[in-house]
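Numbering (the working numbering), first residue to last: 122 to 263. The structure appears right after this line, and notes come after that.
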């Protein structure tokens, strides 16, 4: 099983990164509408689907701990790559929670969309670093 996850983990996380950047791009359009008062179409349902899928995949990325534990007998042998997983998982949960509230209870808001957006931009930055460190992990262990 861990052999499958060894290949599935990076593939799943790259897909999550692409979906997350796509959702962020859409969210930036929404922010321009909300804070810049620009009129444009915002694909709300698509943004929710893409963002939710990316966030869930990042949470499932924690299965990488299972892979290292199973193959090498320890979970934090990948250094920064393993350490960054924790804030990524936490921010992904916060993104899901704030996104759920925004989607479920639609009304005019200014603070919660800003919090949601900032949390997820920080998440994307951490994911970019995680991808970079993941390349080093891949080179060392494959």
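Virtual Cβ for every residue (Gly too), placed ideally from N, Cα, C. Nothing here was measured: the structure is a model prediction, and the numbers come from that model.
Endpoints, the alpha helix (DSSP H) within which residue 230 is located: In this chain, residue 230 is not harboured by any alpha helix (DSSP H), its DSSP state being neither H nor E.
Beta-carbon separation of residue 172 and residue 220 under 7 Å? In this structure, residue 220 lies closer than 7 Å to residue 172 by Cβ.
Considering only the alpha carbon of each residue, which of 134, 135, 174, 149 lies closest to residue 158? Checked all of 134, 135, 174, 149; the closest Cα to residue 158 is 149.
Roughly how many angstroms lie between the CA atoms of residue 252 and residue 246, to the nearest whole one? If you draw a straight line from the Cα of residue 252 to the Cα of residue 246, it comes to about 10 Å.
With DSSP as the reference, label residue 221 as helix, strand or coil. DSSP places residue 221 in helix when its eight states are reduced to three.
Does the ligand FMN have even one heavy atom less than 6 Å from the beta-carbon of residue 147? Within the structure as shown, the ligand FMN is missing, as the structure has no ligands at all.
So, are the CB atoms of residue 196 and residue 258 less than 7 Å apart? It is not a contact, given that the beta carbons lie outside the stated cut-off.
In or out: residue 216 buried (at least 16 other Cβ within 10 Å) or exposed? Buried is the call here.
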